[in-house]
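Asks: Oh and the sequence shown: position 169 is 202 in our numbering, straight run, nothing missing.
By construction, the Cβ of each residue, glycine as well, lies at the ideal position given by its N, Cα and C atoms.
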Amino acid sequence: MIYSVRHRTTYEYEDPVSVSHHVIRLTPRNLPRQTCRKSKFPVAPEPPATASCNDYFGNGQTFFTLQEPHERLIVEANSELEVFPAARPDLSASPRWESVPRLLDGDHSAEGLDAYHYVFVSQRVRTNRELADYARESFPEGRPLLEAAFDLTRRIHSDFIFDSKATEVSTPVETFFEKRRGVSGFRPPSDRLHEIDRPARYVSGYLRTLPPKGRPRLIGADASHAWCSAWSPGAGWIDFDPTNNCVPSDGHITVAWGRDYSDVCPIHGVLLGGANHTLDVGVDVMPLE
């Protein structure tokens, strides 16, 4: 499937911003089943210069500075990419979940060492007894890791309600767990896998959405999305999407991954001035068949 993706972010500031520094992570990653053909970032006001590189996790990031007063900032990411279907993994063929720490400790390959980064707590992921107890219901003794991870995905899909107004990025995970409702980008099941000390990472990207039958597709109706990857010896990283209770395929577009949302934040900045601001985000994921 070939897609054109447009992600437009608009900030309206109450007072002029005199100077600002920004980093954006909006370039889809190049993966075995995903190829980003082109990506560009028109910004208004136009910065005098930009610089791009990969961050610690291999995500593409671009830096820019605005040194002129402005009351509005518009960042628009336009990408074209091709995404191939993912083969359905044999979840039952993965090793027992209890054996993964031992196998990971003995794996000194580049992939094994990379997976080890995702075992530990991070800025937004802390150990929690209640979350651990919830996760362990899917991990009885001897169960294959990926089979257990998919069962956890299914339970989160069943037990939690998607509600865009219930949580924010800064909402503590304990509050989300208590409310049993929130947004997909807030807390995918990677938090629960961390509770049992198994490698799991947070993945951000886009999801192709289809309009109701007989209705036209609305511009800006798509949205950024988030899901989880679990690492299994032999199989590597396998994605799980609890919002849609599925293993992602060619309807999911991967942009970035990290330990939690802090590592993949699409736009981050430091401002001088501005006071309060409003934010408007519109995303279009358009197939180009």
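Taking DSSP's pairing of strands, which residues face isoleucine 300 in a bridge?
Replies: For the purposes of this step, residue 300 is taken as the residue at position 267 of the sequence shown. Beta-bridge pairing links isoleucine 300 to Ile57.
Asks: Alpha carbon to alpha carbon, how far is leucine 136 from arginine 176?
Replies: Your numbering for residue 136 matches position 103 in the sequence shown. Your numbering for residue 176 matches position 143 in the sequence shown. C-alpha separation (whole angstroms): 16 Å.
Asks: Pull the bridge partners of histidine 285 from the DSSP assignment, please.
Replies: For the purposes of this step, residue 285 is taken as the residue at position 252 of the sequence shown. According to DSSP, which records beta bridges pairwise, histidine 285 is partnered with Leu240.
Asks: Can you say whether proline 221 is buried or exposed, counting buried as having 16 or more other CB atoms within 10 angstroms of its CB?
Replies: Indexing the sequence shown from 1 puts residue 221 at position 188. Because proline 221 sits at a pLDDT of 49, beneath the cut-off of 50, its placement in the model cannot be relied upon, and the following sentence gives the value as read from the coordinates. Result: buried.
Asks: Taking 6 Å as the limit between beta carbons, can you name the residues of its chain near glycine 284, skipping five residues before and five after?
Replies: By one-based count along the sequence shown, residue 284 stands at place 251. Only Arg241 meet the Cβ criterion.
Asks: Less than 8 Å between the beta carbons of tyrosine 239 and valine 133, yes or no?
Replies: The residue given as residue 239 occupies position 206 in the sequence shown. The residue given as residue 133 occupies position 100 in the sequence shown. It is not a contact, given that the beta carbons lie outside the stated cut-off.
Asks: Taking the beta carbon of phenylalanine 219 as the centre, do at least 16 other beta carbons fall within 10 Å, making it buried, or is it exposed?
Replies: Sequence index remark: in the sequence shown, residue 219 carries index 186 (1-based). With a pLDDT of 42 at phenylalanine 219, under the threshold of 50, the modelled position of that residue is not reliable, and the figure given next carries that caveat. That one is buried.
Asks: If you measure between the beta carbons of proline 244 and leucine 178, is that distance less than 8 Å?
Replies: The residue you call residue 244 lines up with position 211 of the sequence shown. The residue you call residue 178 lines up with position 145 of the sequence shown. Cβ atoms of proline 244 and leucine 178: not closer than 8 Å.
Asks: For aspartate 192, list the residues DSSP reports as bridge partners.
Replies: Walking along the sequence shown from the start, residue 192 turns up at place 159. Looking at the DSSP assignment, aspartate 192 forms no beta bridge with any residue, so it has no partner.
Asks: For asparagine 92, does the count of other Cβ atoms within 10 angstroms reach 16, so buried, or fall short, so exposed?
Replies: Numbered from 1 along the sequence shown, position 59 holds the residue referred to as residue 92. So asparagine 92 counts as buried.
Asks: For tyrosine 235, does the count of other Cβ atoms within 10 angstroms reach 16, so buried, or fall short, so exposed?
Replies: As a position in the sequence shown, residue 235 is number 202, starting the count at 1. That one is buried.
Asks: Thinking alanine 110 and serine 72 are a contact (beta carbons under 8 Å), I'd like their distance in whole angstroms, please.
Replies: Counted from its first residue, the sequence shown places residue 110 at position 77. Counted from its first residue, the sequence shown places residue 72 at position 39. Indeed, because the Cβ distance is near 7 Å, the residues count as touching under 8 Å.
Asks: Quick check on this structure: which residue in Thr60, Val76, Pro75 has the alpha carbon closest to the alpha carbon of cysteine 69?
Replies: Within the sequence shown, residue 69 is the residue found at index 36, counting from 1. Nearest option by C-alpha distance: Thr60.
Asks: Using the rule of at least 16 other Cβ atoms within 10 Å of the residue's Cβ for burial, across every protein chain shown, is glutamine 156 buried or exposed?
Replies: Walking along the sequence shown from the start, residue 156 turns up at place 123. Flag for glutamine 156 reads exposed.
Asks: Between histidine 190 and the rest of its own chain, which residues show a CB-CB distance below 8 Å, the 5 nearest in sequence each way excluded?
Replies: The count along the sequence shown starts at 1 and reaches residue 190 at position 157. These residues qualify, in order along the chain: Pro275, Thr276, Asn277, Asn278.
Asks: Report yes if the C-beta distance between arginine 62 and alanine 289 is below 8 Å; otherwise report no.
Replies: As a working note, residue 62 is residue 29 in the sequence shown. As a working note, residue 289 is residue 256 in the sequence shown. Result yes, Cβ atoms of arginine 62 and alanine 289 sit closer than 8 Å.
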